[in-house]
Amino acid sequence: MKIYNERQQKIAERINPDSTITNWKDWKWQMKNCIKTIEQFEKITGIIFSKDEKIKLNETLEKFPLSITPYYASFIKKNNHKDDPIFKQSFVDPNELIVSDEDHQDPLSEEKDSPVKGVTHRYPDRVLFHVSNTCAMYCRHCTRKRKVGDLDYIPSKEQLIKGIEYIRQTSCVRDVLLSGGDPLMLSDEQLDWLLSELKQISHVEIIRIGTRIPVVLPYRITENLVNILKKYKPLWINTHFNHPREITPSSKEALRMLADGGFPLGNQSVLLAGVNDCPRIMKELVHKLVQNRVRPYYIYQCDLSEGLAHFRTPVGKGIEIMESLIGHTTGFAVPTFVIDAPGGGGKIPIMPNYIISWSTNKVILRNYEGVITTYKEPENYENKFCDRECKNCKLELDIKEGDEIDLLGIERLLSDSNKQINLIPKDNERHKRREF
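Each residue of the sequence shown is one higher than the last, beginning at 54 in the working numbering.
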């Protein structure tokens with residue numbers, strides 16, 4: 054039986070003349086035949102590089118390895134590959150060797166916020182759990198380029214057990230995000246074991262999986278995998294589509310299987326120069342996502358990882374894209390634009406300014422059209438004093454099983470029960486002089 058896409062058929066036949074659609078849709082066949090060298094890429098895609106280009110490309114490969122599934126490579130436009138968003142996200146670029154002063158190996162300080170190897174505990178009630186170092190494709194914009202493909206970062210079962218034990222002993226953790234690499238590159242049996250262990254921890258309320266599998270290897274989403282995942286609801290799955298062309302018949306089928314399996318689906322995109330830094334492209338992407346029951350969740354400003362300078366855009370480009378979405382399309386199709394703060398500060402939402410001015414009685418606002426309007430503040434509002442002693446709450450806001458809140462950051466300054474009046478950076482020169 055022939056493969057339904059003519060270009061895919063040609064690529065499959067270059068790999069093996071006897072290839073059929075059964076081979077092509079076998080995710081293990083796809084992984085076995087991943088493109089890992091310049092020569093393989095030329096043979097399979099028909100895109101040929103000059104001798105000088107190959108020298109530079111191979112120099113880059115020595116630092117950042119290459120791996121592309123035949124499936125994903127089949128969407129590269131041969132006649133204009135250098136401007137193709139699929140090519141740019143998947144194929145090695147000599148610009149990756151350009152490292153600027155602000156670039157870091159670990160820009161988000163994930164390892165500094167790691168109480169045990171493989172676990173990043175940055176936010177009060179949730180952790181990121183690195184459970185895999187394997188990806189179906191090595192995305193050129195990956196913030197963890199230092200780890201992917203490096204044997205030193207492959208988590209052993211012993212390491213995973215230590216991570217599970219940390220989560221078990223840390224009762225404030227209610228949300229566990231499985232990340233990597235790609236968690237769905239684990240075998241069905243490994244995933245079943247891992248999810249079973251986490252599900253037995255009483256204070257873990259939800260488990261999330263961050264994956265690019267529906268984008269680069271949709272055939273990994275099998276009926277057996279979905280049935281395993283079904284056992285561990287509530288399970289949330291975040292995908293990583295960056296461009297409308299990544300949404301194909303095969304990826305749609307993978308998303309359908311996950312959505313029909315009862316999993317809430319979200320999407321996290323990265324803003325990438327020359328790939329999706331265009332309001333029209335982003336609007337088309339979010340529209341295609343919601344058509345396939347995927348809610349746009351985040352647009353990330355590209356991180357300050359080594360070798361990503363050529364992908365980074367000004368923050369203003371993200372604001373421009375948000376201006377083109379807010380009010381111009383369905384509310385739940387609008388993601389949050391965030392900067393994941395260097396040094397481990399976490400995600401900071403960035404929005405266009407809609408408050409123009411503010412007084413005691415009025416707020417002056419503008420809408421997406423530029424219309425300026427007035428919102429009148431209530432005259433008789435009586436603020437309820439709150440000391441944040443939730444367990445003894447006598448207000449109408451009383452909730453069952455309330456926990457005392459451990460106040461952090463700005464929340465602490467807002468609290469009526471806390472007397473702190475400011476937050477002072479550790480290296481503030483004025484306060485150093487006071488101490489002196």
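We put the beta carbon where it would ideally sit given N, CA and C, even for glycine. Note that this is a predicted model, so its numbers are computed, not measured.
Of the candidates Glu299, Asn295, Val269, Leu248, the residue whose Cα lies closest to the Cα of leucine 278 is Leu248. Positions of the beta strand (DSSP E) runs, each at least 3 residues long and wholly inside the segment 270-342, are given as 288-292, 318-324 in order along the chain. Sequence-distant Cβ neighbours of asparagine 414 in its own chain, meaning closer than 6 Å and more than five residues away, are Glu430. Cβ contact annotation for isoleucine 262 (same chain, cutoff 6 Å, sequence separation greater than five): Leu231, Pro236, Ile290, in chain order. Residue range 368-378 is occupied by the alpha helix (DSSP H) that includes glycine 371. Serine 410 and isoleucine 121 have their C-alpha atoms roughly 51 Å apart.
Nearest to glutamine 158 by alpha-carbon distance, out of Tyr434, Gly396, Lys78, Val323, is Gly396. Bounds of the alpha helix (DSSP H) holding phenylalanine 140 are 138-143. A direct Cα-to-Cα measurement between aspartate 178 and serine 303 gives close to 36 Å. Spanning the alpha carbons of leucine 361 and lysine 81 requires a straight line of approximately 30 Å. Bridge partners of alanine 394 according to DSSP: Gly399.
In the structure shown, the three-state DSSP call for tyrosine 350 is strand.
With a 10 Å radius around the Cβ and a threshold of 16 neighbouring Cβ atoms, valine 424 comes out exposed.
Note on geometry: alpha-carbon atoms of lysine 252 and histidine 293 lie some 25 Å from one another. Considered as a whole, the segment 199-249 harbours 228-232 as its complete beta strand (DSSP E) runs of no fewer than 3 residues, in chain order. Contact annotation: leucine 318 and valine 347 have beta-carbon atoms nearer than 7 Å. The alpha helix (DSSP H) runs lying completely inside the segment 63-138 and spanning 4 residues or more are 74-77, 80-85, 91-98, 104-116, 123-126, given in chain order. When C-beta atoms of the segment 128-148 are compared with those of the segment 68-86, fewer than three pairs fall below 8 Å, so the two segments do not count as touching. In this model, tryptophan 246 and isoleucine 281 are separated by some 10 Å (Cα to Cα).
The beta carbon of leucine 181 lies closer than 6 Å to those of Thr173, Leu230, Ser232 in the same chain, with the five residues before and after it left out. Between proline 349 and asparagine 320, the C-beta spacing is below 7 Å. The Cβ neighbour count for glutamate 115, taken over all protein chains shown within 10 Å, is under 16; the residue is labelled exposed. Taken through DSSP and simplified to helix, strand or coil, lysine 429 comes out as strand.
When rounded, the separation of the alpha-carbon atoms in aspartate 241 and cysteine 192 is 23 Å.
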